[in-house]
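For the record, in the sequence shown the residue sitting at position 109 is 109 according to this note's numbering, with numbers rising by one throughout. We treat Cβ as the ideally placed atom computed from N, Cα and C, and that holds for glycine. Quick caveat, the model's predicted, so the values are computed rather than measured. Worksheet: the structure to be examined is printed underneath.
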Amino acid sequence: MTDRKATLSVGNESIELPIYSGTVGPDVIDVRGLVQNGVFTYDPGFVSTAACESAITYIDGDEGVLLHRGYPIEQLAEHSDYLEVCYLLLKGELPTAEQNKLFHDTIKNHTMLHDQMRNFFHGFRRDAHPMAIMCGVVGALSAFYHDQMDVTNEHQRDITAHRLIAKMPTIAAWCYKYSIGQPFVYPRNDLSYSENFLQMMFGVPCETYKPNPILAKAMDKIFILHADHEQNASTSTVRLAGSSGANPYACIASGIAALWGPAHGGANEAVLDMLAEIGDVSNIDAFIARAKDKDDPFRLMGFGHRVYKNFDPRAKVMAETAHEVLSELGLENDPLLKIAQRLEQIALEDEYFVKRKLYPNVDFYSGIILKAIGIPTSMFTVIFAMARTIGWFSHWNEMVSGDYRIGRPRQLYTGSPARDYPKK
Ligand code: SDX
1 MTDRKATLSV GNESIELPIY SGTVGPDVID VRGLVQNGVF TYDPGFVSTA
51 ACESAITYID GDEGVLLHRG YPIEQLAEHS DYLEVCYLLL KGELPTAEQN
101 KLFHDTIKNH TMLHDQMRNF FHGFRRDAHP MAIMCGVVGA LSAFYHDQMD
151 VTNEHQRDIT AHRLIAKMPT IAAWCYKYSI GQPFVYPRND LSYSENFLQM
201 MFGVPCETYK PNPILAKAMD KIFILHADHE QNASTSTVRL AGSSGANPYA
251 CIASGIAALW GPAHGGANEA VLDMLAEIGD VSNIDAFIAR AKDKDDPFRL
301 MGFGHRVYKN FDPRAKVMAE TAHEVLSELG LENDPLLKIA QRLEQIALED
351 EYFVKRKLYP NVDFYSGIIL KAIGIPTSMF TVIFAMARTI GWFSHWNEMV
401 SGDYRIGRPR QLYTGSPARD YPKK
């Protein structure tokens, strides 16, 4: 551990608190002993709080660095594939060729859903938001595997990982099929993970679906870029839910719920809605003015980040992928792409954004790619949730396979002092 200490003066008391260093990144001050002194730390939104120790992902917000088990996201996006990244996040090391083949085959053999799961979809209105359906169906998985879930059993945790990684694309695609009234398309074992997702999304029983390799590669890259991101809101939700010993499928469903918000994973859908609302590059200045107006709740969706105060490295890869996909589809002059590029250029030169270090984040370009592939905006966060499932599970797994306590934050109470109930 450490013999380094921070000294805190509270009233006329001097409190010594241990300081710990990680492999890289900021040191942490262990404040667990503070409660003995009758005080709490206060950090709404957890801006300066490390809630756990983790070895999975490291972010340097000032340098725009994102490492998964030490490997830079740019290199993984360029050279790896999503299932290999899943193995890396889960196990901590890249798989050997043999381990990789076995992992790919294992996932292929878990892609089907229990046929009764179809009934959960039919309980929703056709116009239900796909995120609502995904949240409900993933939570329902806990009813199918509840009696086999001993969180202390590594083998059962591994099976749960395989089921979640394998079944999320099927659930995601069926959310879409249900919303457009088309029959569910079953997974095919002759296709890669991302090809299979596209065929379940766009295939129909009347003909054999032929995946476009460029689009499948772009989809796989999008999955990699969304796989994990340290202790973001949805991952912290999964950890907190898991800290009570809850069923892991239910914990993943809590992560889906947290991701849905427009400040988090819902931003990719909000970006496309914003670009459509802007409508033309001539309207950009008015929207930039609104984003800067404190009295206007409008924010530039896809801009800003709690941690990145430099470019989000994922946004750069996403921008390159957007160009690849749009030129493959002959959409280089896509009007939304033009608005996005001009908006980015203006914002990055504007003092308000420069001073606050607001750069495009992972959500700024992803929606343009997904829309070009033919995916409706209502499905964007569903795809984010599908890709992030491995991150959520890896953090849950890291926590439950080690020493952990139930998460139970305290508060600054500003309500009424004790008072008596008025006598009638
Ligand atoms: C994701 O945490 C993660 O890692 C998340 C994620 C992941 O992979 O899990 O990276 C995925 O959620 C990316 C973020 C997607 N959200 C959006 O694009 C929504 C738009 N962005 C903002 O809502 C905001 O930037 C947040 C939510 C992302 C970050 O909010 P913070 O850290 O609480 O920052 P803040 O709201 O305190 O903003 C600081 C200042 C404020 O101005 P001042 O009060 O200092 O004058 O910057 C302003 C804000 O008003 N600001 C913006 C802005 N984002 C921040 N102003 C206009 N447009 C914006 N987008």
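- Nearest in C-alpha terms to L141, of all of N333, I252, T414, is I252.
- Here the alpha carbons of C52 and Y87 stand approximately 22 angstroms from one another.
- S243 and L272 have their C-alpha atoms roughly 36 angstroms apart.
- Here P335 is exposed, its C-beta having fewer than 16 other C-beta atoms within 10 Å.
- Annotation: Q199 to I73 spans about 27 angstroms, alpha carbon to alpha carbon.
- Between the region 159-171 and the region 102-115, the count of C-beta pairs closer than 8 angstroms reaches three or more; the two stretches touch.
- The alpha-carbon separation between G70 and Y58 amounts to approximately 7 angstroms.
- Remark: the shortest separation between the CB of M318 and any heavy atom of the ligand SDX does not fall under 7 angstroms.
- By the beta-carbon neighbour count (other beta carbons within 10 angstroms, threshold 16), V204 is exposed.
- Counting along the chain, no alpha helix (DSSP H) covers T96, and no H or E run does either.
- By the criterion of a C-beta distance shorter than 6 angstroms, G255 is surrounded in its chain by S234, T237, V238, W392, once the five residues flanking it on both sides are discounted.
- Here P422 is exposed: its Cβ has fewer than 16 other Cβ atoms, across all protein chains shown, within 10 Å.
- Uninterrupted beta strand (DSSP E) stretches at least 3 residues long and entirely within the region 25-88 occur at 57-60, 65-68, given in chain order.
- Residue range 13-20 is occupied by the beta strand (DSSP E) that includes Y20.
- Distances from the CB of H305 to the heavy atoms of the ligand SDX include at least one below 7 angstroms.
- A distance below 8 angstroms separates the beta carbons of G139 and A250.
- For the pair of segments examined, the region 299-307 was found to touch the region 348-365: the number of CB pairs separated by less than 8 angstroms reaches three.
- F384 has no beta-bridge partner at all, per DSSP.
- According to the DSSP secondary-structure assignment, E320 is paired through a beta bridge with no residue.
- Burial state of L412 is exposed, judged by a 10 Å Cβ sphere holding fewer than 16 other Cβ atoms.
- Within the model, the alpha-carbon separation for F364 versus A315 is close to 7 angstroms.
- Taking non-hydrogen atoms of the ligand SDX into account, the C-beta of R356 is found less than 7 angstroms away from one of them.
- Under the DSSP definition of a beta bridge, P360 partners with F303.
- In the DSSP assignment, V238 falls within the unbroken alpha helix (DSSP H) covering 233-242.
- For D350, the shortest C-beta to heavy atom distance toward the ligand SDX is 7 angstroms or greater.
- Assignment of T152 by DSSP, reduced to helix, strand and coil, places it in the coil class.
- Looking at the backbone, the Cα of M379 and that of M131 are separated by about 8 angstroms.
- Per DSSP, reduced to three states, the secondary structure at V185 is coil, with no helix or strand assignment.
- Taking C-alpha positions only, A418 is separated from Y145 by approximately 46 angstroms.
- With contacts defined by Cβ atoms closer than 8 angstroms, I373 and M318 do not form a contacting pair.
- Under the three-state reduction of DSSP output, K5 falls in the strand class.
- Of the residues assessed, C175 falls on the buried side of the cut-off, its CB having 16 or more other CB atoms within 10 angstroms.
- In this structure, L259 keeps its C-beta atom at 8 angstroms or more from the C-beta atom of F120.
- With 16 or more other Cβ atoms from the protein chains shown falling within 10 Å of its own Cβ, V382 counts as buried.
- Going by DSSP, F120 is part of the alpha helix (DSSP H) stretching over 118-122.
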